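First comes the structure, then the notes that go with it.
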Amino acid sequence: MAPRLRFLTGCFGWQPTELSRCNEVATRAWMWTIHLILVIPTAMAAFTARSNYLLVKRYPQLSQHPYNPKMGLSFLMTYIGCVILFPWVFLATLLLKKWYGSWTLLYGIANLALAITITMGVSMQAQFLPASLNGCKGGKAMNWQVVDGYPSMFTLAADLDRNNVDKAEAICKNMVAGWTVATAVVFFQFLLAYISVFFDEREFSLLNPIRPFVWLLFIIIAPFLLVRDGVLPRIRLWLSYTRKGVAELRSTKDLQVPPQTQFIPQYQSFEAPKSKLTDVLAIEHVLLNMVDYLHFEDVVNLSLTCRAVREVVYPPRDLDYRVPKLTRHCCSIAEESKCLYCNNKICGSCQRNPLWPGLSGRRHVTGCKPYCESCYYKSFARHPRGYKKTCKCYITDRSNEFQDVCRSCMDKHVDTLQAERHKRYHQEVRDIAYKENSKCGSCKMVLKDGMRWWKCGKCGGECRDEIHPAFVKRKKEKDFEKGDVGNRETDEDGSWWRRWRNVLVPRRQD
Ligand SMILES: [Zn+2]
Ligand SMILES: [Zn+2]
Ligand SMILES: [Zn+2]
Ligand SMILES: [Zn+2]
Ligand SMILES: [Zn+2]
Numbered sequence: 147m148a149p150r151l152r153f154l155t156g157c158f159g160w161q162p163t164e165l166s167r168c169n170e171v172a173t174r175a176w177m178w179t180i181h182l183i184l185v186i187p188t189a190m191a192a193f194t195a196r197s198n199y200l201l202v203k204r205y206p207q208l209s210q211h212p213y214n215p216k217m218g219l220s221f222l223m224t225y226i227g228c229v230i231l232f233p234w235v236f237l238a239t240l241l242l243k244k245w246y247g248s249w250t251l252l253y254g255i256a257n258l259a260l261a262i263t264i265t266m267g268v269s270m271q272a273q274f275l276p277a278s279l280n281g282c283k284g285g286k287a288m289n290w291q292v293v294d295g296y297p298s299m300f301t302l303a304a305d306l307d308r309n310n311v312d313k314a315e316a317i318c319k320n321m322v323a324g325w326t327v328a329t330a331v332v333f334f335q336f337l338l339a340y341i342s343v344f345f346d347e348r349e350f351s352l353l354n355p356i357r358p359f360v361w362l363l364f365i366i367i368a369p370f371l372l373v374r375d376g377v378l379p380r381i382r383l384w385l386s387y388t389r390k391g392v393a394e395l396r397s398t399k400d401l402q403v404p405p406q407t408q409f410i411p412q413y414q415s416f417e418a419p420k421s422k423l424t425d426v427l428a429i430e431h432v433l434l435n436m437v438d439y440l441h442f443e444d445v446v447n448l449s450l451t452c453r454a455v456r457e458v459v460y461p462p463r464d465l466d467y468r469v470p471k472l473t474r475h476c477c478s479i480a481e482e483s484k485c486l487y488c489n490n491k492i493c494g495s496c497q498r499n500p501l502w503p504g505l506s507g508r509r510h511v512t513g514c515k516p517y518c519e520s521c522y523y524k525s526f527a528r529h530p531r532g533y534k535k536t537c538k539c540y541i542t543d544r545s546n547e548f549q550d551v552c553r554s555c556m557d558k559h560v561d562t563l564q565a566e567r568h569k570r571y572h573q574e575v576r577d578i579a580y581k582e583n584s585k586c587g588s589c590k591m592v593l594k595d596g597m598r599w600w601k602c603g604k605c606g607g608e609c610r611d612e613i614h615p616a617f618v619k620r621k622k623e624k625d626f627e628k629g630d631v632g633n634r635e636t637d638e639d640g641s642w643w644r645r646w647r648n649v650l651v652p653r654r655q656d
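Per the working numbering, the sequence shown runs over residues 147 to 656.
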């Protein structure tokens, strides 16, 4: 029974990433295949390395100055590696029949050690051997790495061993061929070591065969991921802060929207004249019956006929109930439509549909949603999958469209009407931004004071229109119990620069 080696699948609560499951039986089959491939080259490499080693041992001059001193060692290491590998291949083939699974790791360690030994020998040989057999042909062996006053190493070997200088090419070819075969052995031996070390079929194992590729991929891709997911989003967030800060400094704080003052009749000096008409209109259900056949605008005009009529159609003490009743009855009852500019009720027959330029403020009021910093970071700065580019809806804001307008507004000048309407939109946008307990459009958390980002409801991109306040700081509610009084003028919001300005430039006390 093979040990399970649990520590390979993580320890102290840490677990490697999950990969696909592999098959230990397949690992064994691969090992057998490579064993089969290795047999002949290993024998050849061992044989050649041995004869070369003996040659160097017989003639120590070959590894003395000016020749490579590691010559003997290089052949010896190749020889030892191959001569152990050769029987090991057969032994491992037999052992694998019974011992595999987690035992494969032991074969892996042996294979790796052998691979490293042979590699060291082969790499040392590369220092004093030509790279291919072509390097030996045509007298090149005689001129290989020649130092002044000394013959080439191959020439010396041929002279010493065979008493024939012309055999230098044969010795060179022999050594290079042995080196080539040993290199092939190294290649397959490393493959074998990889297969047997990364043997584990379990998905979470450190030694899963796919793990090295995942690491390699990670090493290559990790820097890109870090920049893409960590650095760039933060830069975008900082840029956004800067842009909003600049916009905040440039924006004009005081928006001039004249407050709607309600008419307060001066009853002390006024007595509503009694007339038969007012007696009739004063009966509410009669009035409402009449209104059934009027447009809202006509009701307004009716109330304008004289003061007495106005008092009965719009009684000041009953306005809260009267106006909704009138609205419900006038125009075609079923239709619910409002004038875009004055908000009065209109119906199919009293409404007008001029082709006028669109109103840019409208979509900011109806569509744009506030976002908190972390949601802005997640949804925009990080450029997540399916992320929408910055809103460009302003391009089509002013394109002509058919608008529902009442008859009185139709008579006014379009530019004046639109300028007034835009001011109201502007105020509405600010009211939305400064509203108590307003929530983030994404995470639904109550927004704190600070920077606000906006998501366009039409295209889903970030709305950067300057109509939205960049920075929202709610006015502190005055607590009269604590002695706050209402006449502290501009210092109410207590911003740091105002406080410092007052310290540096004290106000004159007259
Ligand atoms: Zn109408
Ligand atoms: Zn209107
Ligand atoms: Zn907007
Ligand atoms: Zn948009
Ligand atoms: Zn949020």
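Positions of the beta carbon are idealized from the N, C-alpha and C atoms, including for glycine. Computed from a predicted model, the values in this text were never measured in an experiment.
**Report entry** Neighbourhood of Val631 by C-beta distance below 7 Å, restricted to the same chain and skipping five residues each side
**Finding:** In this prediction, Val631 scores a pLDDT of 47, lower than 50, which makes its location untrustworthy; no coordinate-derived value is stated.
Report task. Kindly indicate which three-state DSSP category Pro503 falls into: helix, strand or coil? Result -> Three-state result, Pro503: strand.
Query - Outcome for Lys534 when other beta-carbon atoms lying within 10 angstroms are tallied against a minimum of 16 - result: It counts as exposed.
**Report entry** Own chain, CB closer than 6 Å to Trp599, minus 5 neighbours either side, in chain order
**Finding:** Tyr517 and Tyr522
Query - Presumed contact (8 Å Cβ cut-off) between Arg553 and Cys488, rounded CB distance - result: Rounded, the Cβ-Cβ distance is 11 Å, inconsistent with contact.
Report task. Identify, in the order they occur along the chain, each residue of the same chain with its Cβ nearer than 7 Å to the Cβ of Phe344, setting aside the five sequence neighbours on each side. Result -> Leu353, Asn354, Pro355, Arg357 and Pro358
Requested in this report: Below 7 Å CB to CB, which residues in the same chain sit around Val202 once its five sequence neighbours on both sides are set aside?
Outcome: Leu208, Ser209, Met217, Gly218 and Phe221
Query - Cβ neighbours of Trp178 in the same chain (closer than 7 Å, five flanking residues each side left out) - result: Only Thr239 and Leu242 meet the Cβ criterion.
Query raised in the report: Closer than 8 Å: is that where the CB of Asn490 sits relative to any heavy atom of ligand 2?
Result: yes
Query raised in the report: Does the Cβ of Ser386 have 16 or more other Cβ atoms within 10 Å, making it buried, or fewer, making it exposed?
Result: buried
Requested in this report: Please name the residue in Ser166, Glu566, Leu231 and Arg570 whose C-alpha comes closest to that of Val360.
Outcome: Ser166
Requested in this report: Output the distance between the C-alpha atoms of Cys514 and Glu170, rounded to the nearest integer angstrom.
Outcome: 58 Å
Query raised in the report: How many angstroms separate the CA atom of Ala339 from the CA atom of Ser269?
Result: 18 Å
Report task. With Thr333 as the anchor, note down where its alpha helix (DSSP H) starts and where it stops. Result -> The identity of residue 333 in the sequence shown is Phe, whereas the question assumes Thr. Unbroken alpha helix (DSSP H) run through Phe333: Ala314 to Val343.
Requested in this report: Go ahead and pull the three-state DSSP assignment for Trp234.
Outcome: helix
Query - Residues near Val185 by beta carbon distance below 7 Å, same chain, minus five either side - result: Val235
Query raised in the report: Cβ of Cys514 within 8 Å of any heavy atom in ligand 2?
Result: no
Requested in this report: Evaluate Trp384 with the Cβ neighbour count: other Cβ atoms within 10 Å of its Cβ, from every protein chain shown; 16 or more gives buried, anything less gives exposed.
Outcome: exposed
**Report entry** Nearest neighbour of Phe442, chosen from Val459, Leu472 and Ala454 [CA to CA]
**Finding:** Leu472
Query raised in the report: Looking only at its own chain, which residues have a Cβ that is under 8 Å from the Cβ of Cys605, when we skip the five neighbours before and after it?
Result: Lys534, Cys537, Lys538 and Cys539
Query raised in the report: In this structure, does DSSP put Ser209 in helix, strand or coil?
Result: Ser209 sits in a helix when the DSSP states are folded into three classes.
Report task. Tell me whether Leu441 counts as near ligand 1, meaning its Cβ is closer than 8 Å to at least one heavy atom of that ligand. Result -> The displayed chain sequence assigns His, not Leu, to residue 441. It does: the Cβ of His441 is within 8 Å (strictly closer) of some heavy atom of ligand 1.
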